[in-house]
Every structure is written in structure tokens, then in C-alpha cells.
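One structure is given here, and the rest of the page talks about it.
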Amino acid sequence: MSATVGNANDAHGHGDIHVDYPERPIQYQTEDGALKIAGFWIFLATDVVLFSCLFATFVVLRTHTAGGPSGHTLFDVKGFSEETFILLTSSFTGGLATFEMARKKKFRVIGWLIVTALLGMSFVGLEVSEFVNNVSIGATAQQSAFLSAFYTLVGTHGCHVSVGIIWMTCVMIQVAMRGVTPITARKVFMVNLYWHFLDVVWVFLFTVVYLMGVM
Amino acid sequence: MTQQTSDSTKAAQHGHEHGFPWQYVLGYVFSLILTIVPLWLVVNHVISMSPLTWAILGCAVLQIVVQLFMFMHFTDSDGGGPAYHVFTITNGLLVAGLFVFASLWIMSFHFQVS
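Heads up: the sequence lines are chains L and P, in that order.
So for the first sequence, the working numbering puts the first residue at 33; every next one is plus one.
So for the second sequence, the working numbering puts the first residue at 3; every next one is plus one.
In C-alpha cells:
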């Protein structure tokens, strides 16, 4: 049995959302939503494979420092620890946004998404300043294979985070305009899945690149 | 067409009916512990290189498991059947593990080639 629900938060009165499965959690209530979320998990699996290629390259080339700086010289424990705690906390606050989405608390969802995006921006800021600092002391990507692999791996993760921040901002605007509907709930759910995934990748980055670099 | 709500979806919904996000708070606390422990082990040179490597890798894997289940609701289905995406992600992780491990393994023969 399907139902059509009006969008109570939609001030503009654009069409009703056709709910296929009203008994499911809100993000799965449309057939479309369930399929898109399943598709997004498949995308995340491909992103895992992407990062694994970059990781494989890095671990093979980690000792190829060509007489230039190694992780030991470059990596600053305080810096990468801050990045780690900031990203972990942002993953937690994103989860809280999903929690509030399930309870249809529009303003709390937006609030937690704002906090998550702000933490994400400070993460990217820290990472950019780390890269700038490295380059200023001559540790460029062209210096050695180790550095090329490092910048490619960590930089790809940083780009993913940056795109995620933009995406999250778009989702917050949609939630602000249309409220928590099965469609905006799907979007909040997906952007948070992406964000959690990025923290999962960072756990490995932190361990394999930074911790093993300074061991 | 309605389907019976599966147990895992009921569990997810039940978790959300509680006023407090226990899953996320516990996941966060466990992740913090699993981050601080390897950090402390490395910074304080507590154990030697080889067991240290295994220890921090072990903490990383545990933390990922924690985050997969407690943040990402990995095994929660959409309510319409099994959580098919578990298979997809497991497949992706196996491929990923293979790429990294096999690369390390094949490059370990470097002393045997000119």
C-alpha cells in the first residue's frame, strides 16, 4: 500500500512526494530512495578500491625518498593528531545529523550539518597548511617517489573532503527550504555515509602514513 | 506493495525512538580510544617496531569495524529485504586488501631481479 504525503514544510506547495513504503525509516520510504542509497554503497565500494590503489602505491614507495625528507622529518605529531580528532568528531556530528533526521527535527539536522561542515573545513585548512609548509622546505611532489605518492594519496582524500563539504552545504540548503522529507532525508543519509567513509579512509591514512612514518 | 519490516530495520527504528543517540556516542568514544592508544604507543616508543606495527594496524581495523557498524549502520537493511550492500562493500574491501597485500608481496622479490 502506498500513500501520498503532502510536504508540510514546503511553503511553496510544490507537488506531493509519493511514499511507497511508509513503514520504513524515512530515507527508504520511496522506491527511488532505497535504490539510490543501495547504489551509493556500490559507489563507496569503488571508492574503497580507488584508495586501495593509492595506498598500495604509497606503501611500496614509502622508502624511496631519493635523499630527500622522509616521514620522520616531515610529519608533525601534533598536526596530524589534530586533523584526526577533528575529522573523527565531524563524523560523529554527522551521525547526530542523521539521528535527528530520523526524528524529523529540521533545525537540529541543519545545525549538526553546519558543525560537521565547519569541522571539515578546519581539517582541510590544517591539511593545506601542512602541504604549504612542506613545499616551503623543499618537500615537493617532484622531490621523490615517496613524496609523490604521499601527496597523491593524502591529497585525493583532501579533495574528497572538500567536495563533501560543498555537497553537505547543498544538502543543508535543501533541508532548510523543504524540511525533512523522504527525499531530503535520503540526501542527508547519503552525504553522511560519504562523510563516515572519508573518516574510515582517514583511519588507515593516519595509521599507515603518519603513525608508521614517525615510528 | 508493503513488505514486512525486517528485524534489523526495527532495531534501527527502535534505536532512533530512544531520545539519545547511544550508537553514535559509543561509536565516538570507542573510536577515540582506538585512536589515542596507537598514538600513545607510537609517541612513547613503548614496544618494538614489529609488534607495534601489528598493534596499530589492529587498532585501525577495529576502529573501522566500530565506525562501519555504529556510524554507518552497515547491516541495517532498507526494510525491503536483506542488507545487500554488505556483500558489495565486503567485495570492495577484499579487492582493496588484495591490491595492497599483493603489491607488497610482489615487490618483496626485488632482490631476485636485476
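Where is the CB? At the ideal position from N, CA and C, for every residue including glycine.
Note that this is a predicted model, so its numbers are computed, not measured.
Once DSSP output is grouped into helix, strand and coil, what is the label at residue i?
| i | result |
| --- | --- |
| Ile169/L | coil |
| Ile49/P | coil |
| His50/L | strand |
| Pro57/L | coil |
| Lys68/L | helix |
| Gln174/L | coil |
| His228/L | helix |
| Tyr242/L | helix |
| Asp80/P | coil |
| Ser105/P | helix |
| Val212/L | coil |
| Lys138/L | helix |
| Tyr86/P | coil |
| Leu237/L | helix |
| Val115/P | coil |
| Thr121/L | helix |
| Ala98/L | coil |
| Met74/P | coil |
| Ser10/P | Residue placement at Ser10/P is flagged as unreliable, the pLDDT there being 48, under the threshold of 50; the coordinate-derived value follows with that caveat. Three-state result, Ser10/P: helix. |
| Met247/L | coil |
| Ser110/P | coil |
Since residue i contacts residue j with CB under 8 Å, what's their CB separation in whole angstroms?
| i | j | result |
| --- | --- | --- |
| Val44/P | Leu93/L | Not confirmed; about 21 Å, so no contact. |
| Thr62/L | Ile215/L | 7 Å |
| Thr125/L | Thr148/L | 5 Å |
| Val232/L | Ile66/P | 5 Å |
| Thr239/L | Leu59/P | 6 Å |
| Gly100/L | Leu225/L | Actually they do not touch by this definition, with Cβ atoms about 38 Å apart. |
| Phe73/P | His104/L | 32 Å between Cβ atoms; not a contact. |
| Val220/L | Ala129/L | 6 Å |
| Asp72/L | Met222/L | Strictly speaking, residue 72/L in this sequence is Phe, with Asp absent from that position. Contact flag correct, Cβ pair sits at about 5 Å. |
| Ala85/P | Thr77/P | 5 Å |
| Ala171/L | Leu106/L | 6 Å |
Once the 5 residues before and after residue i are set aside, which same chain residues still bring their CB inside 8 Å of it?
| i | result |
| --- | --- |
| Val156/L | Gly190, Val193, Ser194 and Ile197 |
| Val68/P | Gly29, Phe32, Ser33 and Leu36 |
| Leu86/L | Ala181, Thr184, Leu185 and Thr188 |
| Ser50/P | none |
| Leu158/L | Gly111, Glu114, Glu115 and Ile118 |
May I have the straight-line CA-CA distance separating residue i from residue j, to the nearest angstrom?
| i | j | result |
| --- | --- | --- |
| Gln174/L | Phe182/L | 11 Å |
| Ser161/L | Ala98/P | 30 Å |
| Ala66/L | Phe113/P | 52 Å |
| Leu185/L | Val235/L | 13 Å |
| Thr97/L | Met200/L | 38 Å |
| Gly94/P | Val207/L | 32 Å |
| Lys137/L | Cys202/L | 18 Å |
| Tyr26/P | Phe111/P | 45 Å |
| Trp1/P | Thr188/L | Residue 1/P is absent from the model: chain P starts at 3 and stops at 116. |
| Ile74/L | Asp64/L | 15 Å |
| Asn46/P | Leu82/L | 33 Å |
| Ser52/P | Val91/L | 16 Å |
| Glu114/L | Val115/P | 43 Å |
| Pro23/P | Ile69/L | 22 Å |
| Ile169/L | Ser84/L | 29 Å |
| Ile49/L | Leu96/P | 39 Å |
| Ser105/P | Glu55/L | 47 Å |
| Ser146/P | Thr90/P | With chain P covering only 3 through 116, there is no way to say anything about residue 146/P. |
| Leu54/P | Tyr53/L | 50 Å |
| Leu76/L | Ser123/L | 16 Å |
| Met209/L | His75/P | 27 Å |
Excluding the 5 residues preceding and the 5 following residue i in the sequence, name in chain order all residues of the same chain whose CB lies nearer than 6 Å to its CB.
| i | result |
| --- | --- |
| Ile118/L | Leu151, Ser154 and Phe155 |
| Cys61/P | Leu36, Val39 and Pro40 |
| Ala177/L | Leu93 and His96 |
| Leu100/P | none |
| Val241/L | none |
Using C-beta distances below 7 Å, list every residue in its chain close to residue i, excluding the 5 sequence neighbours before and after it, in chain order.
| i | result |
| --- | --- |
| Val109/L | Val246 |
| Thr121/L | Leu151 |
| Ala217/L | Ile58, Gln59 and Met133 |
Does the region 141-156 of chain L come within contact of the region 164-172 of chain L, defined as at least 3 CB pairs closer than 8 Å? no
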